[in-house]
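Report on the following structure.
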Amino acid sequence: MASETGNGSVLVAARRQVGSVIFGAGLNAMAWGGKLHPLSNPKRHAVERITNIAYKPTGDRAHLLDVYRPMNPSLAPTPAVLYIHGGAFRILSKDTHWMMALAFARQGYTVFNISYRLAPKHKYPAALEDSAAAALWVKRRAAEFGADPDKLVLAGESAGANLVTSLAVMSSYRRDEPFAREVFDADIAPKAVVAGCGILQVTEPMRLVSRKQRFPAWLADRLIETADAYIPEEPSISLDLANPLLVLERGEKPDRPLPPFFSLCGTKDPLLDDTRRLRDALDALDVENQCRIYPGEMHAFHAMVWRKKAQQCWRDQYAFLDPKVGLQ
Numbered sequence: 000m001a002s003e004t005g006n007g008s009v010l011v012a013a014r015r016q017v018g019s020v021i022f023g024a025g026l027n028a029m030a031w032g033g034k035l036h037p038l039s040n041p042k043r044h045a046v047e048r049i050t051n052i053a054y055k056p057t058g059d060r061a062h063l064l065d066v067y068r069p070m071n072p073s074l075a076p077t078p079a080v081l082y083i084h085g086g087a088f089r090i091l092s093k094d095t096h097w098m099m100a101l102a103f104a105r106q107g108y109t110v111f112n113i114s115y116r117l118a119p120k121h122k123y124p125a126a127l128e129d130s131a132a133a134a135l136w137v138k139r140r141a142a143e144f145g146a147d148p149d150k151l152v153l154a155g156e157s158a159g160a161n162l163v164t165s166l167a168v169m170s171s172y173r174r175d176e177p178f179a180r181e182v183f184d185a186d187i188a189p190k191a192v193v194a195g196c197g198i199l200q201v202t203e204p205m206r207l208v209s210r211k212q213r214f215p216a217w218l219a220d221r222l223i224e225t226a227d228a229y230i231p232e233e234p235s236i237s238l239d240l241a242n243p244l245l246v247l248e249r250g251e252k253p254d255r256p257l258p259p260f261f262s263l264c265g266t267k268d269p270l271l272d273d274t275r276r277l278r279d280a281l282d283a284l285d286v287e288n289q290c291r292i293y294p295g296e297m298h299a300f301h302a303m304v305w306r307k308k309a310q311q312c313w314r315d316q317y318a319f320l321d322p323k324v325g326l327q
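All letters in the sequence shown, in the order written, are residues 0 to 327 by numbering that gives the first Met the number 0.
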């Protein structure tokens, strides 16, 4: 990596800015381009999509969700999934993550696929406050869409995995943050959590870079940008819920049982260590969990649902989740 002094710091800043724009634009283009394929139409899969429902009455597009529900469910009411997208807390939305929602709905789940406020304009805890508000909305309103809020799965990938893991912590530990206390007091009790290739400790991003001698500079930039964009310079509240992995690693007994976890990651994912640490922390707490590591796979590989390894990953998720919510 280039020196960060003198002209080197200017070059590094320019590289990071250009890389960030290209990276974000590329991901958005891939997700939106996929919508052009005929098989992206939910009706082709006997799934109904209801778009742009406000889960917070702010008028902000960041506070909208889409519902994906099976037209002919085998179980009524259906189990519910609250899906929270990734994107380094900085990019993407419910609209880019339609394929995740569709995959769950095809299996028989009613999916509430949310957007949330993004960094750096909205730093921690904005995304988590929105995720908590969405969970409370699902608790109140899921039945209107044919879903059972008592059969709730929290699912997300990357930054979304961080947010659903924090929601699980909030549902099981009585905490002081007002948004966390609301979740706890509402008695939200997920049946399971899916944490896909999560960035579960946002602070100290260089810990991930240091595990490999040859770590691409552009990838190191993305990890550093994530922390810089999401974490406030002068936090007004504890950073515990920005780093849910650290909370779990403390080994404190929860006030209510933590839900079962399914975690997944590829061996070529720079965030692999966080998934392994999550497995170890849950094991130490005696929490039911299954950790699947997929050889040769990169970050968020399961979003590429046409690939065989991704399809295997989805089968593994269903095999873990379905018995928890009565889908047999």
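Yeah, the Cβ is synthetic: ideal placement off N, Cα and C, and Gly gets one too.
Going by DSSP, what residue range makes up the alpha helix (DSSP H) through residue i?
i: N161; result: A158 to S171
i: A188; result: Element bounds for A188: n/a, residue is neither H nor E.
i: V304; result: No alpha helix (DSSP H) holds V304; DSSP gives it neither H nor E.
i: L199; result: Careful: L199 lies outside any alpha helix (DSSP H) and carries neither H nor E.
i: R174; result: Taken as a continuous stretch (DSSP letters only), R174 belongs to no alpha helix (DSSP H), as it is neither H nor E.
Can you grab the Cα-Cα spacing for the pair residue i / residue j, in whole Å?
i: G325; j: F183; result: 24 angstroms
i: H44; j: L38; result: 8 angstroms
i: E181; j: G295; result: 41 angstroms
i: S130; j: N40; result: 26 angstroms
i: T109; j: E224; result: 34 angstroms
i: R116; j: Q289; result: 30 angstroms
i: S92; j: P243; result: 22 angstroms
i: L284; j: R255; result: 12 angstroms
i: Y67; j: L238; result: 33 angstroms
i: P124; j: S73; result: 38 angstroms
i: M70; j: V193; result: 24 angstroms
i: E248; j: K42; result: 43 angstroms
i: L127; j: S171; result: 16 angstroms
i: A280; j: S262; result: 12 angstroms
Check each candidate in the options and name the one with the smallest Cα separation from residue i.
i: Y54; options: V137, D321 and V80; result: V137
i: D149; options: K307, H301, V80 and P234; result: V80
i: D273; options: I90, E176, A216 and P204; result: P204
i: I49; options: T164, D147, Y229 and W97; result: W97
i: K120; options: I90, Q106, A133 and F144; result: I90
i: E143; options: P78, P177 and L257; result: P78
On the criterion of 16 or more Cβ atoms from any shown chain inside 10 Å, does residue i qualify as buried, or is it exposed?
i: I21; result: Reliability fails at I21, whose pLDDT of 47 lies under 50, so the model's placement of it is uncertain and no value is given.
i: P322; result: exposed
i: W361; result: Absent from the structure is residue 361, since the part of the chain shown begins at 0 and ends at 327.
i: D268; result: buried
Let's see if you can read the secondary structure: which residues bound the beta strand (DSSP E) around residue i?
i: A194; result: A191 to G195
i: A132; result: Careful: A132 lies outside any beta strand (DSSP E), inside the alpha helix (DSSP H) at A125 to R140.
i: R48; result: V46 to A53
Would you list, in sequence order, the uninterrupted beta strand (DSSP E) runs of no fewer than 3 residues that lie entirely inside the segment 64 to 117?
-> 77 to 83 and 109 to 113
Every unbroken beta strand (DSSP E) within the segment 230 to 302, with a cutoff of 3 residues, ordered by chain | 260 to 265 and 288 to 293
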